[in-house]
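Chains as they are written, first to last, in the numbering used here: chain A, 1 to 236; chain B, 237 to 359; chain C, 360 to 476.
All C-beta atoms in this analysis are idealised placements derived from N, C-alpha and C, irrespective of residue type, glycine included.
Keep in mind the model is a prediction, meaning the values are calculated, not measured.
What follows is a short report on a single structure.
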Amino acid sequence: MELTVRIQRYDPEKDSAPHFENYKLENVNKTDRILDLLNRIKWEIDGGLTYRRSCTHGICGSDAVKINGRNRLACSVLVQDLKISKSTIQIEPIPALPLEKDLLVDMSSFFEKYEIVKPYLIPKDAPPERERYQTNEDAELLFESAKCIQCGSCSTSCPSLWVNENYIGPAAFLKAYRFIFDTRDDATAERLDLIDTTDGLWRCHTIFNCVEACPKEIDITWHISQLKKAALRREI
Amino acid sequence: MSWIKTLLTYEKAPGAWSWGLHRITGLGLMFYLYLHIFALTALQEGPEAFNAEMELFKSPVFMLLEWALFGLVLFHSFNGFRIVLIDLAQGAKYHKKMLYWLTGISIALFAGMGYVIFSGVFH
Amino acid sequence: MAYKQVSSRSGGALSWFLQRVTGIVLLFVMIGHYILMHYNIDSGHTYDAVLSRMQNPFYKGLQMTFVVLGIYHGVNGTWSVVRDFDLNKSVSWTIYALLVISGVVFGLVGITTLMSF
């Protein structure tokens with residue numbers, strides 16, 4: 001089939017503001033990934049098109065873009081997964097982060113917020129001779145949150161971040177959950193202090209945009225609700 | 237203010253609609269509550285002032301406004317109930333289903349209220 | 360942008376929780392208000408009808424609860440909308456003050472009306 005791919009372009013050396021350009025592609029299969037379309041445009045039409053990709057298999061989390069109005073992973077979405085009107089697919093960078101070029105955004109603030117919640121195990125005891133054991137039930141609490149690939153789809157889909165760049169955001173909360181609810185970790189209070197703030201948990205208004213955007217189908221809002229309850233239990 | 241453009245162009249799933257409407261209806265109800273308290277100060281001025289004011293509220297325009305107000309109350313109440321279940325129970329796992337059910341019940345109650353207001357059975 | 364953690368633990372949990380608790384209470388108060396005050400066969404909206412209703416301490420208490428909780432819930436809710444925005448300190452304090460003052464004023468007006476019977 002024939003498809004028009006409408007891409008937001010921006011070259012900081014030439015353009016004063018981002019604009020859209022259309023690229024017509026023939027012989028598109030409905031099982032093509034959106035990343036395949038981007039690659040074809042870069043390889044066949046305009047070598048200057050700039051976007052991130054690495055593993056191309058939904059593991060590294062580098063090719064999150066806004067496709068047809070919603071954040072998704074370009075390598076994990078097929079043409080047939082999209083509702084396509086007027087044979088056009090629209091691709092923009094993920095919102096609310098500084099634009100570098102075309103679909104490329106500066107992710108540093110995203111990762112700085114990630115580091116706020118101390119994304120590493122903080123145990124009280126010295127390391128045992130072998131690994132730290134967990135029961136199956138305890139481990140199961142963490143499985144869903146541990147699926148995160150840090151692509152940034154969730155945090156940049158959140159209206160609370162759009163209006164206030166200080167918001168810590170769902171990705172960092174999910175990481176906080178992963179350690180707060182880890183039985184081997186002993187820094188629960190310390191970590192809760194870092195997210196029980198005005199720029200933290202209480203800017204989450206259960207909008208579910210993060211859940212809609214997550215390419216790993218993590219129910220992020222549920223995990224945040226567990227954190228809110230944990231923060232509340234300290235107060236009452 | 238670039239967030240306005242983002243908000244308008246980003247896909248709105250049911251959760252986003254309910255969040256936006258909850259805020260708009262909430263602000264509307266806050267405004268109405270103040271208005272309601274202000275209107276009732278006529279009670280302090282005695283029967284004539286109050287009864288004259290109540291006559292005014294019997295006009296069709298105010299009936300329509302009364303019906304619209306019930307719409308705001310319905311949405312805000314039901315969605316508030318949904319939010320409590322999401323925050324304090326396991327509602328995140330079935331929030332869309334809740335929204336569909338609550339919307340359905342709301343529409344039925346809203347229609348019923350329309351009958352009550354315009355037939356004048358209780359006035 | 361180098362991100363800095365500026366805000367600190369703030370009691371946000373408590374106002375978040377109270378918003379939910381007052382919301383649930385208001386749900387029942389609202390149903391009571393609608394049925395008892397407005398939509399029943401012999402409610403009536405004349406001065407005398409209101410006067411006779413307000414002799415009943417239960418009705419009066421219900422209205423009092425409605426005024427106080429309604430305003431608290433409204434002010435707290437509006438503030439949670441306002442503080443989502445990255446406003447500078449003087450603007451956000453001004454809005455906060457206006458909200459609190461308006462809440463207190465309208466609350467007192469409502470209570471004065473109720474107590475005038």
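*Which residues share a DSSP beta bridge with TYR23 (chain A)?*
By 1-based counting over the first sequence, the position of residue 23 (chain A) is 23. DSSP lists A:VAL5 as partners of TYR23 (chain A).
*Span of the alpha helix (DSSP H), counted from its first residue to its last, around LEU263 (chain B)*: Here residue 263 (chain B) corresponds to residue number 27 of the second sequence, with the count starting at 1. In the DSSP assignment, LEU263 (chain B) falls within the alpha helix (DSSP H) that extends over 250–275.
*Quick one: measure Cβ to Cβ for LYS175 (chain A) and VAL117 (chain A), integer angstroms, because I've assumed they're closer than 8 angstroms.*
In the first sequence, residue 175 (chain A) corresponds to position 175, counting from 1. In the first sequence, residue 117 (chain A) corresponds to position 117, counting from 1. Confirmed, about 5 angstroms.
*For the alpha helix (DSSP H) holding ALA189 (chain A), just list the boundary residues, first then last.*
Residue mapping note: residue 189 (chain A) aligns to position 189 of the first sequence, counting from 1. Start and end: 188–195.
*asked:* Do LYS66 (chain A) and CYS148 (chain A) have their beta-carbon atoms positioned less than 9 angstroms apart in this structure?
replied: Residue mapping note: residue 148 (chain A) aligns to position 148 of the first sequence, counting from 1. Residue mapping note: residue 66 (chain A) aligns to position 66 of the first sequence, counting from 1. Taking 9 angstroms as the Cβ cut-off, CYS148 (chain A) and LYS66 (chain A) do not qualify as a contacting pair.
_chain B within 9 angstroms of ASN209 (chain A), Cβ atoms only_ = Your numbering for residue 209 (chain A) matches position 209 in the first sequence. It does: the Cβ of ASN209 (chain A) has a partner Cβ on chain B nearer than 9 angstroms.
_Anticipated Cβ contact below 8 angstroms, PHE208 (chain A) with SER155 (chain A), distance rounded_ = Counting from 1 along the first sequence, the entry for residue 208 (chain A) is found at position 208. Counting from 1 along the first sequence, the entry for residue 155 (chain A) is found at position 155. That belief does not hold up - the Cβ atoms of PHE208 (chain A) and SER155 (chain A) are roughly 14 angstroms apart, past 8 angstroms.
*VAL105 (chain A) bridges to which residues according to DSSP?*
Within the first sequence, residue 105 (chain A) is the residue found at index 105, counting from 1. Paired residue(s): A:LEU99.
_Can you pull out the residues from the segment 192–225 of chain A whose beta carbon lies closer than 9 angstroms to at least one beta carbon of chain C?_
LEU192, ASP193, LEU194, ASP196, THR197, THR198, ASP199, GLY200, LEU201, TRP202, ARG203, HIS205
*Starting from the beta carbon of ARG412 (chain C), find every residue of chain A whose beta carbon is closer than 7 angstroms, and list them in chain order.*
The sequence position of residue 412 (chain C) within the third sequence is 53, counting from 1. None at all; the shortest Cβ gap to chain A is about 37 angstroms.
*Is there a Cβ from chain A that is less than 9 angstroms from the Cβ of LEU373 (chain C)?*
Position 14 of the third sequence, counted from the first residue, corresponds to residue 373 (chain C). So yes, LEU373 (chain C) belongs to the interface.
*Just confirm the distance between the C-beta atoms of CYS214 (chain A) and THR221 (chain A), as a whole number of angstroms; I'd bet it's less than 8 angstroms.*
Looking up residue 214 (chain A) in the first sequence gives position 214. Looking up residue 221 (chain A) in the first sequence gives position 221. That pair is no contact at about 10 angstroms.
*Using the Cα positions of VAL77 (chain A) and LYS101 (chain A), report the straight-line distance between them to the nearest angstrom.*
Position 77 of the first sequence holds residue 77 (chain A). Position 101 of the first sequence holds residue 101 (chain A). C-alpha separation (whole angstroms): 22 angstroms.
*Return helix, strand or coil for GLN90 (chain A), following the three-state DSSP convention.*
Position 90 of the first sequence, counting from 1, holds the residue named residue 90 (chain A). Here GLN90 (chain A) sits in strand by DSSP.
*For ASN166 (chain A), count neighbouring Cβ atoms within 10 angstroms of its own Cβ and tell me buried if that reaches 16, exposed if not.*
Stepping through the first sequence from its first residue, residue 166 (chain A) is reached at position 166. Under this definition ASN166 (chain A) is a buried residue.
*asked:* Are the CB atoms of PHE376 (chain C) and LEU201 (chain A) within a distance shorter than 9 angstroms?
replied: Position 201 of the first sequence holds residue 201 (chain A). Position 17 of the third sequence holds residue 376 (chain C). Not in contact: LEU201 (chain A) and PHE376 (chain C) (Cβ atoms no closer than 9 angstroms).
_Short CB-CB distance (under 9 angstroms) between ASP407 (chain C) and chain A_ = Position 48 of the third sequence, counted from the start, is the residue given in the question as residue 407 (chain C). No, no contact with chain A.
*From TYR120 (chain A) to PHE179 (chain A), what distance separates their C-alpha atoms?*
To locate residue 120 (chain A), count along the first sequence from 1; it is residue 120. To locate residue 179 (chain A), count along the first sequence from 1; it is residue 179. Going by the C-alpha atoms only, they are around 7 angstroms apart.
_CB of LEU49 (chain A) within 9 angstroms of CB of ARG6 (chain A), strictly_ = Locating residue 49 (chain A) in the first sequence gives position 49, where the first residue counts as 1. Locating residue 6 (chain A) in the first sequence gives position 6, where the first residue counts as 1. Taking 9 angstroms as the Cβ cut-off, LEU49 (chain A) and ARG6 (chain A) do not qualify as a contacting pair.
*If you run the structure through DSSP and keep just helix, strand and coil, what is ARG130 (chain A)?*
Taking the first sequence and counting its residues from 1, the one referred to as residue 130 (chain A) is at position 130. Here ARG130 (chain A) sits in coil by DSSP.
*Taking 9 angstroms as the CB-CB cut-off, is THR242 (chain B) touching chain C?*
Residue mapping note: residue 242 (chain B) aligns to position 6 of the second sequence, counting from 1. Not closer than 9 angstroms to any Cβ of chain C, the Cβ of THR242 (chain B) fails to qualify, so no.
*At what residue ranges does the segment 31–68 of chain A contain a whole run of the alpha helix (DSSP H), taking only runs of 4 or more?*
Every unbroken stretch of the alpha helix (DSSP H) spanning 4 or more residues and falling wholly within the segment 31–68 of chain A is given here in chain order: 34–40.
_Endpoints, the beta strand (DSSP E) within which ASN71 (chain A) is located_ = Walking along the first sequence from the start, residue 71 (chain A) turns up at place 71. Here the beta strand (DSSP E) through ASN71 (chain A) covers 70–73.
*Please determine, among B:VAL357, B:ILE343, B:ILE273, B:ASN315, the residue with the shortest C-alpha to C-alpha distance to THR261 (chain B).*
Here residue 261 (chain B) refers to the residue found at position 25 when the second sequence is read from its first residue. Checking every option, the nearest Cα to that of THR261 (chain B) belongs to B:ASN315.
*asked:* For the segment 162–175 of chain A, list every residue whose C-beta sits within 9 angstroms of some C-beta in chain C, in sequence order.
replied: The residues in question are VAL163, ASN164, GLU165, ASN166, TYR167, ILE168.
*Is there contact here, the segment 245–256 of chain B with the segment 286–306 of chain B, by at least three beta-carbon pairs under 8 angstroms?*
no
*Rounded separation between ASP443 (chain C) and GLY282 (chain B) - CA only*: Counting from one through the third sequence, the residue named residue 443 (chain C) turns up at place 84. Counting from one through the second sequence, the residue named residue 282 (chain B) turns up at place 46. Distance between the alpha carbons of ASP443 (chain C) and GLY282 (chain B) is about 44 angstroms.
_Can you pull the chain A neighbours of THR245 (chain B), defined as C-beta to C-beta under 7 angstroms?_
For this step, residue 245 (chain B) is matched to residue 9 along the second sequence. Neighbours of THR245 (chain B) on chain A, chain order: GLY69.
*Using 10 angstroms around the beta-carbon of THR453 (chain C), count the other beta-carbons present and answer buried if the total reaches 16, otherwise exposed.*
For the purposes of this step, residue 453 (chain C) is taken as the residue at position 94 of the third sequence. With a 10 Å radius around the Cβ and a threshold of 16 neighbouring Cβ atoms, THR453 (chain C) comes out exposed.
_Residue closest to LEU73 (chain A), alpha-carbon to alpha-carbon, out of A:CYS204, A:ALA187, A:HIS205, A:LEU103_ = Walking along the first sequence from the start, residue 73 (chain A) turns up at place 73. Of A:CYS204, A:ALA187, A:HIS205, A:LEU103, the residue nearest in Cα terms is A:LEU103.
*What separation, rounded to the nearest whole angstrom, lies between the Cα atoms of VAL426 (chain C) and MET237 (chain B)?*
Translated into positions along the third sequence, residue 426 (chain C) becomes position 67. Translated into positions along the second sequence, residue 237 (chain B) becomes position 1. Straight-line Cα distance between these residues: approximately 35 angstroms.
*CB contact check: LEU121 (chain A) to chain C, cutoff 9 angstroms*: Within the first sequence, the letter at position 121 stands for residue 121 (chain A). So no, LEU121 (chain A) is outside the interface.
*Using a Cβ cut-off of 9 angstroms (strictly closer), state whether GLY391 (chain C) contacts chain B.*
Walking along the third sequence from the start, residue 391 (chain C) turns up at place 32. So, not an interface residue.
*Using DSSP bridges, identify the partner residues of SER85 (chain A).*
For the purposes of this step, residue 85 (chain A) is taken as the residue at position 85 of the first sequence. The partner list for SER85 (chain A) (beta bridge, DSSP) reads A:THR88.
_Beta-carbon neighbours of PHE444 (chain C), restricted to chain A and to distances below 8 angstroms_ = On the third sequence, residue 444 (chain C) is found 85 positions in, with the first residue counted as 1. Ordered by position in chain A, the residues that pass the 8 angstroms Cβ test against PHE444 (chain C) are VAL163, ASN164.
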